[in-house]
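Residue numbers (full-length UniProt numbering), protein chains in the order written: chain W, 1 to 255; chain E, 1 to 255.
One structure is given here, and the rest of the page talks about it.
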DNA sequence: TAGACTTCGTGTACACCATACACAGTTTTA
DNA sequence: TAAAACTGTGTATGGTGTACACGAAGTCTA
């Protein structure tokens, strides 16, 4: 390789080696007193307790009774640690028991499962994702959703598109739920009162007359009335997507 | 008020005052040499040039020729500054000219406009959003989308749900595009080659036989083949949503 | 007009943060 | 036995947001 040419670019394969624990490890020196899993697990613990902002290399090291710099023998950077935490926090999907048999039921269950995970471990949504999914657990989830559509006449192209669409929807909806939960925690205003508060803000803003369509929504008191549960809201949007899938399936069956 | 009761909670109304420039300003002391708009604009400039990570209070102050701490006379915290930047970076929607007349065309245009903005100013997606939209420009966008459905028999409840759904979709899709752009920038691997690279990673992973449905997708070479443009991908998912909206409209017309 | 009151910008200081680097100790291979 | 490779550690660098105290400057009230 010509010198100076390879301007030190980042290689996604390194991350994959970390995720799959396939990093070649020389046999020479002393074996580490820790394992990659222990380091990542410590990070996950802290994130579960204090959120992602609480995860610092110092705290991870402290929890393991080790100096900060020794962590870098296991993980190239904090960014990689976060990617590894995301993978570890994604559970192996185990839905054999009550797993429905029709594609619609399965995709619904999949979306719900994803939302449940992301709302519980909301710090996962705070991790800046810099690559497409590459870890084994994440692949397993993809496989699950794709498998849900196995009995349909959809093309593989279709399935992939739908997978992305539904995952995106679940992430998005989770993001909103989480942001609402945090607002509640931070303000001390209850979940129910927040609709009231937002309603008043909108009233103040629409009083200028600049937002006619928004004004009509506000006047309909959607915000002020006690609203549907987050679960219902989620299913509402999901049904839109699944109707679209159904239509596509019908089309593929015909053609 | 009983002492010790109000345990110093965060008040969203303060943020709204900032966003609407309605913060009461005493008339006593000297007038500031800067304005809130100048501070926020400086932040936006830096974000445009270096991304959100480049925005620090020190750099903003430096750009304005002022000490760091003086910024806190205009903005309570960096978090608020970011919220203000989000609002300022959202342009006043001006789509009078080629604005379609049917709801479907309008919602499509809306979604495209949103995607364009978020991909251009990708740092907006990096801002941790902690409240529902409260700024004038954000309200204007909401109004636009709601107004797009004015001629339909949808209830105000429906419209709000659809607004959230479509905005969420646009944000989500933008997030993916941006993350791809960043991967390209960081690895030096071209946009086209990335499919190739990811394909090989998937091949390696599916070789274990653990992911049957994923294997079928990989074997179909969806990733390896040069793929649809991001624009086409976007419209693909959007059509799903809009079909759902059409179905709901038909239903409301009947009932 | 004098003094009280506010608000300004500034400098200093603190408690963090990620990580580059050199080093000494330990383990394995040639 | 010596070389090589890998380990954990301490130190150091250059960042981060913001609390606090200060003097200067402007505006209101008596």
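We treat Cβ as the ideally placed atom computed from N, Cα and C, and that holds for glycine.
For residue i, which residues in the same chain have their Cβ closer than 8 Å to its Cβ, ignoring the five residues on either side in sequence?
i	result
residue 2 of chain W	Confidence at residue 2 of chain W is low in this model, with a pLDDT of 41, below 50, so the placement of that residue should be treated as unreliable; the coordinate-derived value is given next. Nothing listed; no residue qualifies.
residue 189 of chain W	183 and 197
residue 125 of chain E	118, 171, 174, 175 and 178
residue 12 of chain W	131 and 134
residue 218 of chain E	199, 202, 203 and 206
residue 70 of chain W	34 and 61
Near residue i, what residues of its chain come up, given a Cβ to Cβ distance below 6 Å and the 5 sequence neighbours on each side ignored?
i	result
residue 152 of chain E	103 and 249
residue 145 of chain E	110 and 163
residue 230 of chain W	177
residue 191 of chain E	184
residue 93 of chain W	140, 141 and 144
residue 127 of chain E	82 and 86
residue 19 of chain W	87, 134 and 135
residue 253 of chain E	153
If I measure Cβ to Cβ from residue i and keep anything under 7 Å in the same chain, skipping five residues before and after, which residues do I get?
i	result
residue 17 of chain W	23
residue 44 of chain E	85, 88 and 89
residue 15 of chain E	80, 83, 131 and 134
residue 241 of chain W	165, 166 and 169
residue 67 of chain W	61
residue 101 of chain W	none
Could you work out which residue in the options is closest to residue i when comparing CA atoms only?
i	options	result
residue 205 of chain E	W:139, W:193 and W:65	W:139
residue 112 of chain W	W:25, W:155, W:207 and W:171	W:171
residue 220 of chain E	W:69, W:80, W:154 and W:169	W:154
residue 9 of chain E	W:65, W:13 and W:186	W:186
residue 117 of chain E	E:78, E:165 and E:173	E:173
residue 73 of chain W	W:34, W:251, W:213 and W:122	W:34
residue 148 of chain W	W:99, W:175, W:47 and W:181	W:99
residue 332 of chain W	W:233, W:199 and W:67	Lying before the first or after the last residue shown, residue 332 of chain W is absent from chain W, which here runs from 1 to 255.
residue 247 of chain W	W:158, W:209, W:207 and W:194	W:158
residue 107 of chain W	W:160, W:39 and W:76	W:160
residue 50 of chain E	E:121, E:21 and E:69	E:121
residue 41 of chain E	E:26, E:63 and E:217	E:63
residue 238 of chain W	W:166, W:30, W:195 and W:26	W:166
residue 55 of chain W	W:123, W:218, W:69 and W:208	W:123
residue 36 of chain W	W:217, W:202, W:77 and W:212	W:77
residue 150 of chain W	E:214, E:253, E:181 and E:91	E:214
residue 65 of chain W	W:114, W:38, W:75 and W:48	W:38
residue 115 of chain E	E:208, E:194, E:101 and E:233	E:233
Using the three-state DSSP reduction, which class does residue i fall into: helix, strand or coil?
i	result
residue 91 of chain W	coil
residue 74 of chain W	coil
residue 211 of chain E	coil
residue 179 of chain W	helix
residue 9 of chain W	coil
residue 192 of chain E	helix
residue 23 of chain E	coil
residue 98 of chain E	coil
residue 240 of chain W	helix
residue 217 of chain W	helix
residue 104 of chain E	helix
residue 29 of chain W	coil
residue 174 of chain W	helix
residue 122 of chain W	helix
residue 229 of chain W	coil
residue 35 of chain W	coil
residue 222 of chain E	coil
residue 51 of chain W	coil
residue 67 of chain E	coil
residue 43 of chain W	helix
residue 255 of chain W	coil
residue 167 of chain W	helix
Original post:
If you pair each beta-carbon of the stretch 131 to 141 of chain E with each one of the stretch 55 to 65 of chain E, do three or more pairs fall below 8 Å?
Top reply: Touching, no, given that fewer than three Cβ pairs across the two stretches are closer than 8 Å.
**OP:** Could you name each continuous alpha helix (DSSP H) segment of 4 residues or more that falls completely within the stretch 124 to 157 of chain E, going from the start of the chain to the end?
**Re:** You should have 136 to 148.
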